[in-house]
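Structure first, commentary second.
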Ligand SMILES: Nc1ncnc2c1ncn2[C@@H]1O[C@H](COP(=O)(O)OP(=O)(O)OP(=O)(O)O)[C@@H](O)[C@H]1O
Ligand SMILES: Nc1ncnc2c1ncn2[C@@H]1O[C@H](COP(=O)(O)OP(=O)(O)OP(=O)(O)O)[C@@H](O)[C@H]1O
Ligand SMILES: [Mg+2]
Ligand SMILES: [Mg+2]
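Chains as they are written, first to last, in our numbering: chain A, 73 to 407; chain B, 7 to 257; chain C, 7 to 257; chain D, 62 to 477; chain E, 62 to 477.
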């Protein structure tokens with residue numbers, strides 16, 4: 073580290089640990105997912121404190137300006153490592169600034185241009201799992217993937233993660249000869265997604281064999297349209313949300329990709345602690361631009377595995393097994 | 007004075023920010039009589055009657071209606087007392103038609119919904135009385151009316167409902183010869199029916215033709231209140247322009 | 007007629023949707039003369055002069071200015087020819103002050119920016135000529151003016167700039183006794199300076215006091231155009247109300 | 062006395078004359094710029110022709126039914142907004158109001174096990190409460206509605222987050238709600254609906270005529286009533302007939318008028334009735350046209366403004382209901398993006414943002430125009446970027462049709 | 062002749078009287094409701110006190126500097142929007158205009174290797190072109206600005222996607238751009254800036270007085286000039302002094318006025334100059350107040366509207382520049398969310414959405430109010446849902462301060 077530049081200022085707060093023993097974390101927002109405040113913060117905090125370091129964890133609350141402001145404050149207090157979850161690109165200049173001061177940067181969950189490490193649920197892997205669930209679903213129905221009519225329903229193209237989900241899924245699906253019969257504009261919005269899918273379906277003359285959908289929200293809209301037309305085909309998704317798991321139990325959604333957050337937090341904190349201890353951990357995978365990359369494995373959850381999600385505490389049987397889902401819960405042993 | 011005034015304003019004060027417009031004004035109006043209110047431009051006539059109409063409440067002063075002290079804080083209250091006003095700036099809704107404007111706030115209902123036929127007939131009849139000839143349909147939007155036609159609509163509005171006090175702020179300013187005559191006749195008819203009429207006008211010929219009393223505002227002060235028969239045009243002009251002062255008994 | 011008309015309208019036609027307002031109207035105005043335009047409410051007077059002002063172009067008909075055919079499709083064109091208009095509906099910007107309204111579109115510049123002092127002085131002087139007494143500051147917002155004060159501002163606006171033709175649509179409707187006198191005097195002064203004045207008014211006394219020619223519109227048609235000295239009040243009222251028809255030579 | 066009675070009799074009521082006279086008068090009004098929803102209808106037709114050329118699927122019964130259900134949410138939101146736009150106000154929170162109340166609804170049903178009708182009632186009452194809140198600040202306190210509702214736009218996003226919490230996404234499990242957008246009436250019910258519409262239309266026409274006759278004012282020639290009924294019969298007949306064909310794709314026979322259609326028509330009818338024939342409606346126009354004039358006429362301006370916001374928020378709840386019926390789920394971002402489209406629907410349909418001018422039907426037609434853009438583009442399989450650009454361009458184009466036809470027709474430069 | 066010269070001399074110009082007279086007149090104007098930005102300033106002070114109590118970090122030099130830079134983007138966007146809001150129009154595309162032009166800028170620099178100044182010029186010209194486009198449709202064709210700019214709001218999101226590409230992200234690599242928000246002027250330059258402000262203020266005051274004297278109309282008492290200069294000196298002095306302290310935390314000394322401050326002040330000054338002292342500015346107010354009156358007075362209404370949209374879009378580009386300087390990167394969603402806040406800034410500052418009323422300074426102060434909400438809440442570290450709710454509530458509260466003080470002051474019920 074280059075914490076030597078402290079100058080003669082000699083700040084009097086001797087109680088604070090040396091700058092290079094502090095781990096600075098910026099979380100992106102609380103709007104896109106409840107995980108940041110609810111799961112990542114406690115997990116990271118515990119890992120750093122247990123390893124004897126101070127954790128400075130802040131949330132940019134969906135504001136790129138605030139993101140930059142928080143980073144400035146943290147950097148001036150001093151950091152031994154920065155763990156950044158990008159928000160709309162705001163982390164890029166923060167990473168550059170940190171590296172300018174010799175502070176290693178871990179891109180957490182979202183890739184950041186210029187970061188030293190990238191720890192994430194492999195978003196491409198998430199896509200691959202989704203693609204795999206489609207391919208498996210088609211096979212289970214005895215349909216030839218190469219001739220199957222598959223619609224791609226992606227996420228907001230302005231969001232970098234959406235592209236990774238898409239690319240991952242496409243790798244798997246194109247490998248078995250699937251080509252998108254229709255690919256409406258991506259959105260992260262159930263209503264628009266439903267309309268887009270309904271039109272794609274109409275343009276296909278009402279024939280569809282499977283729908284790759286990037287997340288559970290969009291999948292719910294797609295499923296409603298399918299139901300309306302008396303169709304039941306393989307549908308993918310991710311997030312292991314209540315509705316997603318319910319749709320999986322009901323057989324309306326083939327599977328949902330489940331990301332158990334503590335796994336990811338563990339991987340990041342282990343890496344960060346190693347960096348704080350002055351080690352230079354090596355990592356086997358790299359991104360296209362050469363960034364070392366630790367992929368945490370997401371899990372594909374079909375109806376049989378919903379009980380695992382419940383067991384891990386990411387969902388409760390009480391909220392899942394309501395109404396018509398109750399019967400399915402019994403069938404798949406969710407309680 | 008034998009009869010009791012229905013409107014009695016005492017020591018009315020009103021100012022807009024730094025501009026003091028009414029500086030302790032008294033005014034009375036009697037049932038069945040026409041009280042003319044005259045004064046130079048900017049004397050405060052419209053401000054005085056806007057207070058009476060509840061549009062712009064006075065800062066201080068006493069308002070008595072039929073002998074009782076009342077507070078006029080909104081046009082609804084004035085209207086409840088039976089005070090009908092034709093404003094100098096008319097205040098019509100351009101996007102509504104003639105019938106809708108005339109009956110605004112007092113629509114005729116039948117079975118909970120508008121009885122458009124009834125309103126249409128009454129509107130047409132009232133306008134006819136006022137000698138309106140160039141309006142082709144009572145369903146014309148007010149935005150498409152000429153200046154005089156609008157003024158007629160506003161006047162017609164004020165006589166639709168049986169009022170106790172009718173205040174007309176320069177009602178004939180935009181009217182043609184025939185229409186002016188009709189309005190003056192209407193004023194006379196209202197007074198005959200026992201209505202107290204307050205008429206603001208710059209046209210002294212009109213004023214002398216119909217007024218029983220004449221009150222003169224000068225720079226926010228009531229400088230004269232006289233019986234019309236006791237005075238003449240020159241005196242009134244003198245009061246209006248401030249070149250004469252009145253020393254008689256206030257009527 | 008010895009002198010050539012500066013304004014010559016021939017066979018002007020204008021309708022609003024189903025309403026045919028002007029049905030082939032002719033009008034002339036001469037430099038140095040006052041032409042009064044009279045007619046019943048809704049006769050089409052304002053429509054006629056709004057066409058001349060370029061505000062609402064005519065549907066058809068010929069407009070000659072100083073002998074040349076012109077097309078008046080916007081107020082700017084009329085203003086370029088030297089036609090100044092006081093509209094019946096005034097058209098002032100309520101959010102601007104008196105000086106700003108009077109000089110709107112013709113601000114005095116010095117070094118590329120407003121010369122506020124100059125404008126203020128000219129505005130105050132012009133208003134003073136028009137006998138305005140109750141305006142406390144020329145920097146008052148127009149929204150706070152009384153009806154007569156607004157009308158005076160509009161009139162003052164039209165005489166700020168040297169015009170060839172001044173059109174006044176009921177300029178004295180809201181004015182007090184003194185102010186009306188001033189405006190009539192002003193009309194006379196303008197005519198003396200060689201300006202052609204077109205005056206619309208319902209007040210025939212005023213009309214006869216200043217007009218050289220009188221033109222009468224009746225239901226969208228010009229039923230009479232006479233020299234003021236050749237006619238009288240009763241005749242004109244007859245033409246206006248349609249109870250008389252004019253058979254003489256059009257002036 | 063100079064006025065002569067004979068000329069005074071000239072004041073008419075615009076109802077005189079034969080069918081031809083009336084038609085001529087209408088045409089002249091249109092040519093003079095009073096064209097209401099005509100430009101929007103024109104835009105709708107032009108867009109339809111365009112998409113019909115570009116995609117063979119556009120002119121199918123199936124897609125027609127799609128369009129109706131896809132438009133319904135926006136139609137309802139547009140109609141909700143008309144009540145405040147007529148006052149010259151705006152409600153930026155209408156979208157999140159629909160989202161928030163649906164979050165409450167779904168949590169009550171799914172998590173708390175409420176009866177769905179009770180939950181719906183609570184959602185509607187929440188809508189009323191929200192409208193009351195907005196109305197208080199706008200009408201009583203006098204804050205510009207833009208700011209108040211922007212504040213709520215933010216605040217309700219937060220409330221949605223707080224309410225939906227860690228579940229993230231809830232399924233709509235009430236079959237009755239789901240059927241609004243996803244089920245159809247039996248074929249006979251479609252025809253019955255048309256019959257009711259015809260009967261109501263005939264009934265009100267005759268009733269109006271009877272009242273006018275009683276008052277002694279002229280009536281329009283009765284032929285116009287028959288013509289109007291004929292138009293409803295033909296258009297309605299074609300729509301119902303189209304929707305009565307099987308539009309399924311072999312998996313399940315699908316036919317009949319979607320249930321959302323009669324609901325929307327009923328609300329459209331009721332709202333129009335209120336705006337045209339009751340004091341509340343008349344006063345909305347009056348306040349929107351000239352609030353001071355309305356006040357001087359004794360209209361309770363504050364109360365009218367206040368109530369309009371309540372109506373808007375309440376109808377927004379129904380638009381939320383339509384939306385979750387279509388999507389089948391509710392998440393914490395529900396209703397965030399739709400409000401500007403709702404305002405655009407009203408404006409494209411010919412409702413003036415300055416207040417005082419427009420009808421519910423205009424907003425409905427405007428919503429159809431906007432929905433047909435998404436519908437048609439959805440059949441063309443364009444990349445996202447291009448799709449955005451084309452949507453924006455077509456929206457501007459549709460508005461241009463409107464503006465140009467009004468200006469051509471002699472409307473002046475200023476829009477008030 | 063009845064009028065007497067003597068009474069006629071009464072017409073004043075409101076400039077007469079002593080300091081006390083002027084102060085009394087001002088107070089009475091304020092009490093009568095003409096309070097300009099006073100309520101917004103009041104709101105700012107109240108919020109500041111509140112946050113100062115809640116967080117020890119709020120009243121630090123560091124946070125003060127943060128606030129200035131955090132507010133700058135919104136200040137600039139609010140000022141841009143004032144030009145069209147004064148006309149009673151709106152530009153919903155101002156945010157994405159800033160985003161789109163910055164996409165173009167960064168792609169030109171990063172991908173095509175353009176010189177940054179050339180790229181900036183191109184971005185500004187694109188802004189001009191966008192404004193020209195909007196102005197054409199709004200002012201010439203006559204489409205409501207709400208619809209045109211909503212169309213562009215959508216369209217430009219598409220163009221950003223097309224330019225940046227799906228999931229794309231570009232770093233800002235121009236140190237000059239980055240330094241706008243991230244670097245400070247030397248301490249002496251801050252004082253120099255204050256000196257320039259004082260000199261310009263004194264200069265214009267004296268020049269105005271000289272012209273008035275030449276025209277022979279009264280001048281305000283000269284004491285007022287000194288008071289004004291004194292106020293600037295004190296407030297400016299405190300600000301510059303605060304920013305001249307080292308606000309770094311030991312690793313790197315940080316002091317001086319952020320570079321964005323003089324840029325913003327210069328644009329504020331120039332814009333105010335244009336609005337107050339040139340025909341273009343005067344005509345914007347006139348058209349916003351009464352377009353028909355302006356047209357009859359010979360104002361080229363179409364041209365004024367058109368130009369105002371060009372100014373707005375161009376200033377939006379600068380606000381985009383501030384934004385990317387702060388964030389350091391550009392993505393395909395740049396500028397999507399900010400425009401409503403920009404309008405809110407103007408409204409909270411006291412600019413009327415109905416047109417004709419408001420100043421640039423008001424929007425700047427309104428933006429500070431909104432920025433201080435985010436700034437202060439950021440220090441409290443609330444959960445996101447609560448944060449949204451509090452932001453919305455405080456926004457409504459700030460607007461309530463404004464509304465209530467105006468109504469108290471005797472403003473009438475109607476807001477026009
Ligand atoms: N809202 C206001 N703010 C400030 N001053 C006002 C306001 N309204 C009226 N005034 C002033 O009050 C004075 C009286 O106005 P008012 O309208 O009562 O005059 P008036 O007697 O009706 O004149 P007119 O004959 O011209 O109609 C005027 O000098 C006017 O400038
Ligand atoms: N925009 C319009 N649309 C429809 N009809 C109109 C329009 N403008 C004016 N009219 C009609 O044209 C006729 C003439 O109006 P105009 O204003 O020219 O009358 P005027 O002679 O000036 O009357 P007044 O003496 O009342 O001012 C009126 O009957 C009026 O209703
Ligand atoms: Mg008056
Ligand atoms: Mg007229």
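Note that the Cβ used here is the ideal one computed from N, Cα and C, for glycine as well.
Predicted model, so just to flag it, every value in this text is computed and none were measured.
Rounded straight-line distance, which links the Cα of residue j to that of residue i
i                      : j                      : result
residue 473 of chain E : residue 251 of chain E : Only weak support exists for where residue 473 of chain E lies, its pLDDT of 40 falling under 50; the coordinates are left without a value.
residue 225 of chain D : residue 393 of chain D : 6 angstroms
residue 367 of chain A : residue 96 of chain A  : 21 angstroms
residue 141 of chain D : residue 372 of chain D : 7 angstroms
residue 230 of chain E : residue 235 of chain A : 12 angstroms
residue 248 of chain B : residue 43 of chain B  : 15 angstroms
residue 108 of chain B : residue 265 of chain D : 25 angstroms
Residue environment, residue i, which counts as buried when at least 16 other CB atoms sit within 10 Å
i                      : result
residue 117 of chain B : exposed
residue 484 of chain D : Here chain D comprises residues numbered 62 to 477, so residue 484 of chain D is not present and cannot be evaluated.
residue 86 of chain C  : exposed
Reference residue i, options the options, closest by Cα
i                      : options                : result
residue 191 of chain D : D:174, D:178 and D:210 : D:210
residue 286 of chain E : E:269, E:278 and E:387 : E:269
residue 447 of chain D : E:267, E:441 and E:213 : E:213
residue 386 of chain D : D:237, D:375 and D:461 : D:237
Residue-level contact to chain B via CB, residue i, 7 angstroms cutoff
i                      : result
residue 63 of chain E  : For residue 63 of chain E, the predicted structure reports a pLDDT of 37, less than 50, and the residue's modelled location is therefore unreliable. A value from the coordinates is still provided. For residue 63 of chain E, the answer is yes, since a Cβ of chain B falls inside 7 angstroms of its Cβ.
residue 366 of chain E : no
Sheet register partners of residue i (DSSP bridge)
i                      : result
residue 96 of chain A  : A:128 and A:154
residue 365 of chain A : A:190 and A:357
residue 70 of chain C  : C:14 and C:75
Residue-chain proximity (residue i, chain G), Cβ-Cβ < 7 angstroms
i                      : result
residue 359 of chain A : You won't find chain G in this structure, because its protein chains are A, B, C, D and E.
Proximity test, Cβ basis, 7 angstroms: residue i and chain D
i                      : result
residue 212 of chain B : no
residue 314 of chain A : yes
Cutoff 7 angstroms: residue i Cβ touching any chain E Cβ
i                    : result
residue 3 of chain B : Because chain B is modelled from 7 through 257, residue 3 of chain B falls outside the range shown and cannot be assessed.
Any chain C beta carbon closer than 7 angstroms to residue i
i                      : result
residue 418 of chain D : no
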